[in-house]
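All residue numbers for the sequence shown refer to the working numbering, where the first residue is 1 and numbers rise by one. Just so it is clear, CB atoms sit at the ideal spot from N, CA and C, and this is done for glycine as well. This report concerns only the one structure given below.
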Amino acid sequence: MASWLGGLGSGLGQSLGQVGGSLSSLTGQISSFTKDILLEGAEEVGDAATELHVSNSRLREIESINATQKLENERLKKVCSDLEEKHEAAELQIKQLSIEYRNQLQQKEVEISHLKARQNALQEQLRKVQAAAQSAQLGAGVLPPTSTSASYVPVVRHSSGFEGDDMDFGDIIWSQQEINRLSNEVSRLESEVDHWKQIALSSKVQGTNDAEQSEICKLQNIVKELKQNLSQEIDEHQHELSVLQDAHRQKLIEISRRHREELSEYEERIEELENRLQQDGVSADAMDDSKISEQKNNAQSLGGKVEELQVVNDLEDEIRKLNHKLSSAKEENKILLKEQELAKLEKIQIMQEYESLKSDFSMLQSSVAEQGALLKEQEEKLQSKTSLPDDVVRLQQALLEAGNEIARLSSLNQHMITLKEQLSKQHTETDSIIKQLKFDIDFERKKVSELESEKMETVKELDSQKEKLSQCSYELNDLHISKQQLQDNIKDLQEQLRKAWDCNLHNKKEIGELQQKLKEREEELSVSLSKLTEKSNWESKYTCQDQVLKEREVEIAKLQNDISENKQLNEDLEKSLSNLRTENGKLIAATEKLKQELSDAISEKSKVYLEKDTVVEALKMEKRQLESELNQMEKRLLEQAHKYNQTIEELSNARSMDTTALQLEHERLVKLNQEKDFKIAEVKRSIEQMEIDHQETKEMLTTSLGGQKQLTELVKEKELFIEKFKNQALQVKQELEEYIKVSKKQDVLKQNLEEKDRSLAVMKEENNHLKEEIERLKDQQSRSTPMVEPKTLDIIIELESEVTQLKVIKNNLEEEIEVHKKTIEDQNQTTAQLQQSLQEQRKEIDESKFQCEQMNVTHERLSLEKDEEIKNLQKTIEQIKTQLHKERQIIQTDSSDLFQETKVQTLNGENGNEKHDLSKAEIERLVKGIKEREMEIKLLNEKNVSLSQQIDQLSKDEVGKLTRIIQEKDLEIQALNARVSSAAYRQDVLSLQQQLQAYVMEREQVLAVLSEKTRENSQLKTEYRNIMDMVAAKEAALVRLQEENQKLCNRSENSSQDMSRETIQNLSRIIREKDIEIDALSQKCQTLLTVLQTSSTGTDNGSGGVNSNQFEELLQERDKLKQQVKKMEEWKQQVITTVQNMQHESVHLQEELHKLQGQISVESDSNSKLQVDYNGLIQSYEQNEKKLKSFSQELAQVQHSIGQLHNTKDLLLSKLDLVTPSVAAASTISQFSGIQCSAPEVLSDESKLLQKELEQLKKKLQEKDATIRTLQENNQRLSDSVATASEIERKSQEGTESEMRQIKEKHDVLQKSLREKDILIKSKSDQLLSVSENLSNKENENELLKQAVTNLKERNLILEMDIRKLKEENEKIVATCREKETEFRALQDTNMQFSMMLKEKEFESHSMKEKALAFEKLLKEKEQGKTGELNQLLNEVKSMQEKAVTFQQERDQVMVALKQKQMESSALQSEIQHLREKEQRLNQELERLRNHLLEMEDSYTREALAAEDREVKLRKKVLILEEKLVSSSTAVENASHQASLQVESLQEQLNLVSKQRDETVLQLTISQDQVKQYALSLANLQMVLEQFQQEEKAMYSAELEKHQKQTAEWRKKAESLEEKVVSLQESLGEANAALDAASRLTEQLDIKEEQIEELKKEGEIRREMLEDVQNKLMNLMNSTEGKVDKLLMRNLFVGHFHTPKNKRPEVLRLMGSILGIKKEELDQLLSEDQRGVTRWVTGWLGGGAGSKSVPSTPLRPTHQNIFNSSFSELFVKFLETESCPSLPPPKLSVHDMKPLGAAGTGNTSSTPFNSQIQDSAVLGMSRRPDTNPFLAPRSAAVPLITPAGSSGHLLMKPISDALPTFTPLPVSPDASAGAVLKDLLKQ
């Protein structure tokens, strides 16, 4: 039976430990188990009593082991619960931290928004300032020159991966610093805005110059660039902030997820260890039982009749072996326990790591305070000499935190270094922009100041640490033992601190180098500024010189305008004076700026101690600038003097100057000199103000230097303290490690001892149990068991075979299911690929559409350009018409006008071409913009594709999740099948045992327990059904949502979503089927319970009936399993059908793909056609351009030919007009020259200026008419001369007549050629008109195209704005959605966790209650000796609990899955809405573009029709013009006839001219007489002029002398100013020296102040010590009032008996005076008999027995006869001996005496403690100065009150005022003892 029970126990243990195993192992175990049962019936024969005894002992052992395991389980459960509570607390802390982070982020966002608003306000102010400046410039009448803004590239930081959690906090700190930096920049910009406002106002008042306006424009451009850079940087920082926030949230989620996973893993490990423990315990018991049974069988086979003693001996040997095995098993158990403890330790470590992660956030704030607190704790624990390792650990942590702080500071320094390097690069790139560099330098200074402020804060914290350390050092002085150890620690820490100090020095050096670089940059800036100022001065000089040169040229050319030019010179001088005034104003403003900068520098110098040199250099640079400005002023004065000299010389050269004008100019010059004197005085005042400012700056520098030196010293001291702390930390670490090693060794020893004790106890218990088991086994051997029927074995074997077959079928089905799943996944992948290809095709279609739109846009532009060109041509034709009318009127007078007009027309044609080129450039710009839009649209399409892919992935994820749930449910069904089958067989076996060993009462109890379990099962079922209903409802809701999704997602997504819907429905069906299977299995559990009930009721009927009922139930279960197999096959068929459906759908999708490809090919064909049309239009456009060029060339040729005709016509007319060929040639030459001169003068380009040019030409014609008249007069004179000659020579007349005839013939020929040329002119003019009309048409077309282009630009801008707004809105919505989703998920996770925790806790409480009831029942049954039923019940209870746990887990998983699906569905809905909106927008844009295309095509056709109409009209106009030309030709013929008549009239005029010639000869003679008279008057005038010039020279010489004197005075003034500058430089050097001296003095003062503070601290400590001593004295005084020193009284009493009897009354009197008895009472006592005294003395001593015990005073060897000496002498000697001890007391070190000695300054007589020591030294006592007065013996106590004038004897030192003793008196050494006593008695 024992072996049977052992086998049963082992089988149960294995089944509990390996629930997830296969059914084949279980069947094998059951078969072996049945064989053992059958074999045991034949083998078990032996002594029953021994067996009973052994079995009982074994039971007790098992119970004890069970009890210990229960205790261990309870302990483990408590540990687990504690850990869970800690975990919950940690999660709550995490939530709080996350909430705090979110609040902080919200605050930061609010700050950013405020800063943005502030920035916008500043930008508005800047715009206003710019508008004001521009208005001021316009008022001055000067346009500001545009200056190109230099490129300023801001530095962008990208978050490059997150390495660890510490970096997250560092990033947050960095982002905070960046926000602070931006706010500082905003404030700086505000100050700059105010500054520029002031400048704008001053410019309005004073008026702006050209240089100032250019500077203002440059500054405005720089301001704009800085604004752009600022906005870019703010956007980048916002982006970085958002990235950091997202990363931080993700990190928090990941950390919490990891923590949960690790917790779950550790819990699983703990459960595995518990299961192993249980298995090991059970297996050990089973092994023991099986071996005992085997040995019994051996004993029976050898001989059943062997004596009991041998059996007992064998059993004892076996028991020993079993004990060894048990001990080994227990050791294994202990090893497992150790592993469990290690797991717990790991869990604790994880929790510690988690807490350390949280504490890292507040590390910077609390590190310094923790160091001080930890040092105090260390000192207290050193005093108590306990718990050192904890303190050491804390110190290590604190020092590590300090190291982290130093590392972070170094990282900040590195960050600064990188920033400065980047700034240096930007400086090299943008040297030209000076203001920008200034702003960068200010920014760097602010950063350095921030770092310095941080350093100051650390310094303050270190100061507080210093104070705490000083207090700790005073307390540590009291610890004598730990002094040396701490000193060693301090040495090690000092070494570490030195290293840290080296690092700090290195950092300081780097900072110094950076500051030097900054200084160099500032010097370069100053040099560049000075160069700019010099350049501006040079430019002003050059302009003045140019003006002077022009004026001189004008004076040389025109002497009459000399006076006006001199006036202009004076005005220029006044302007230069006004410039000087403005420069003075600038200097004053510069001084004000310098004052502001100095005040700023003073405020910064309190923070930055290394900016001293930069400020001094800046002052030097300003001084140099002032010097350079003074030099420039001198140069300008010299130049003005030169100008004055030049003007004087020019005036001297002038002849026709009036004296009055000279006097006025002289007065003006005098006034100018006076004004300059006033200006010099103002400059002197400004220089004095500058000197005062310099003095003020010197004073401020001295104060700031003192503060800086104090700060440097404080920093050095704090760094030394840090080094000390580091060294101490290292020593403490080493000590901690040693302590940890020792503690570990002790723990190991303790564990070994405990294990040995336990093993001893267990061994003893096992011996007892084994003895009992031996007896029990003997009892059992006597009994015999009945045989089992063979039928049951056959049935069991058949059932096992059926079960194996069913398993094989199930495995095959599972494999098929996996294959189908793989096919489904492959089809899903193919569908995804098809969707991607569809999306790519969509992209191509969109691109083709955009290309079509581009083509249309370009067509529109071309048509508009052509319209503008047509308009321009029409305008030119109209202009040509008007000009032709004018030409007809002007042809008769002069033909040069037409030539000029043709040139104007050519210029207009050129302008048209230029306009055409401009329109082309605009078209190219628009094409570029359209390409950019195309790129943006492509990006948006790609985003859409990625979103659709994400949606597809989400659907796939849902399918995968559902398949996973199905697999989990399959595994659960298998586990439940295994449990049910194993439980059924166990129940069969247990029912057989119950028939043998059960009673009715126990069965009733079992039934009650089972009924309770059935109720719980039913409750669980109802809960599970409710959950499944919920799941079904949620799945239905999901299906609805997916249907909506299908409706929304049109076109290609229909097929994929139908598939997903069907798969979801199939999976939901599968889940429901699995739930049905679970219900069936639970029903099986109920049937098994009914089997138990029937077995309990049917015991009377016999065992055979019960077995038959059970086998029937087993057969029913087999049928059910077959049904399940059928269901699985049906499910397989469903899966196959779904796969086929998927294949069909894939075929449909492929067909749709082919259709779409066809559509794409059609659209591509249409695109190609459109491109061909577009190319044709471009070619036609190019042909039109070529035609235009050819027209323009023909026009130029026509104009050239017309010019030639005009030239020929002029030649003919001149020949006709003039008689002589020479004169005619001259006239033609002059006309040609006039035409050639007039041709290049025409340079206007526009039609409006043509009229002005025509008027000018008319004027020129009039002038030429005048010249012709003069020539005609000359001709008349010549004709007169010819007439006189004709009278002399008549022969010549005849020759001339023949020549005249020839000329007439030539004239006829020329007239014919003229007519022919006129006809040519008419034809060419007709061509000109047609060409001009074409030009005007083209110009009109160009204008129309330009208007269309502008409209399109505006539309593009509007669309861009809309797109940007939509993008921003989309980004905002997406960000908010993401944040809400993350928050919602986090809340759901927390809710789920809380609900899971609550349910688990409730279930644990229920399970614990059930376990308690089960254990109570077990105990009752064990008392009755029933072990099998208990094991069965325990197994059932465990199985039920496991089922309940699995049900709850399934329910929780389903709930989690439901919530996840809800979240996913909501996300899908939001994404679908996004896609809808995008599709709507895209459709709207498509419709709009189509409408636009149609409109443009209509407009194009209309314009083509209009152009055809215009061509018809123009042809009609050409015919009209041809008719007009015919009429003009007739007019020309008439004109030629008139010319012939004019020739005849000219011949008549010749005769008249000859007569006029005679008259002119007479006039000549008269005019010669007049000339002679004029010569005489001229000579007289020359004489007068010479006199006048002499007078003028005298005047000029006087004025020259005056000017020379004035220049000498100016030079003297300049020299004096130079001397002042030199003196200022010297005073500056002296001030620098004084500053150095002041800095040294301040350093010395600081050192002395520190010494004073230290002395004050020591004085305070000594005062406190004195107060403590005084308090103690007062307490002593209060306690010792009315008391007498016992020693003193004893010595007096003994001395009384040692004195001779004659002198004893004196002694008694002395004693009475000490005790305060009055003299009268003493006399009465002494007057009585001696008996009274002796009675008193004897009564007091109690019979004289006390004299023996009284210690005698030590006597010196010098006194030979003590008894002969008096009492007073002995008393004095006694006092001397007692006041001077022979042995010195134990002394402390000098170091310990210092604070004690310091306390002696507060005595009542206010004399220091040192005076007492001096007095004692004077007395020559044997007391040493090192002795501690508090450790001296009572008799040698320190005198408490020192008299004012203490000197001489020892008795001068009082013992105490409070004690009732005698007052000491000064006694000389010669005085006798009697005299001393008399003096005492007198007192």
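- Residue burial is scored here from C-beta neighbours: HIS506 has fewer than 16 other C-beta atoms within 10 angstroms and is therefore classed as exposed.
- Of the residues VAL1456, LYS956 and GLN1625, the one whose Cα lies closest to the Cα of PHE1394 is VAL1456.
- Taking C-beta atoms as the reference points, LEU226 and GLN436 count as a pair closer than 8 Å.
- Check the Cα spacing between GLU1273 and each of GLN1549, GLU1383 and LEU939: the tightest is with GLN1549.
- Going by DSSP, LYS1718 is part of no alpha helix (DSSP H) at all; its letter is neither H nor E.
- In this structure, LEU838 is the residue among LYS1132, LEU1067, LEU838 and ARG1451 with its C-alpha nearest to the C-alpha of GLY1158.
- C-alpha of SER686 to C-alpha of LYS1605: approximately 26 Å in a straight line.
- When secondary structure is reduced to three states using DSSP, ALA48 falls in the strand class.
- When secondary structure is reduced to three states using DSSP, GLN1424 falls in the coil class, being assigned neither helix nor strand.
- Less than 8 Å separates the beta-carbon of ASN1342 from that of ASN872.
- CA-to-CA, the gap between LEU1687 and LEU1775 works out to about 12 Å.
- In the three-state scheme derived from DSSP, where H, G and I count as helix and E and B as strand, ASN561 is classed as coil.
- The criterion of a C-beta distance shorter than 8 Å is not satisfied by LEU529 and GLU444.
- Boundaries cannot be given for ASP478, as no alpha helix (DSSP H) includes it and DSSP labels it neither H nor E.
- Distance from the CA atom of GLU405 to the CA atom of ASN489, rounded to whole angstroms, is 22 Å.
- ILE1288 carries a helical assignment under DSSP once its states are collapsed to helix, strand and coil.
- In the three-state DSSP reduction, THR1699 falls in the coil class, being neither helix nor strand.
- Measuring C-alpha to C-alpha distances from ASN1167 to each of MET855, LYS1365, SER946 and GLU1289 identifies MET855 as the nearest.
- The C-alpha of ASP970 is placed about 8 Å away from the C-alpha of LYS1074.
- GLU737 has its alpha-carbon roughly 27 Å from the corresponding atom of GLU719.
- Within 10 angstroms of the beta-carbon of VAL1512 lie fewer than 16 other beta-carbons, which makes it exposed.
- About 42 Å separates the CB atoms of LEU1475 and GLU1129; that is not less than 8 Å, and the two are not in contact.
- In the three-state reduction of the DSSP assignment, GLU1511 falls in the helix class.
- By the neighbour-count criterion, in which a residue is buried when 16 or more other Cβ atoms sit within 10 angstroms of its Cβ, TYR474 is exposed.
- Using a 10 angstroms sphere on the CB of LYS1312, the tally of other CB atoms stays under 16, which defines it as exposed.
- Contact holds between the segment 769-778 and the segment 46-65, because three or more Cβ pairs, one in each stretch, are under 8 Å apart.
- Annotation: LYS931 to GLU1495 spans about 23 Å, alpha carbon to alpha carbon.
- Around the beta-carbon of GLN1124, 16 or more other beta-carbon atoms lie within 10 Å, marking it buried.
- Of the other Cβ atoms in all chains shown, fewer than 16 fall within 10 Å of the Cβ of MET763; this residue is therefore exposed.
- If you check the CB distance, ARG861 and VAL1349 come in under 8 Å.
- At the C-beta level, VAL1198 and GLN1327 come within 8 Å of one another.
- Closest by C-alpha distance to GLN471, out of GLU88, LYS1657, GLN1460 and MET1440, is LYS1657.
- For ARG1451 and TYR1024, the gap between their C-alpha atoms comes out near 7 Å.
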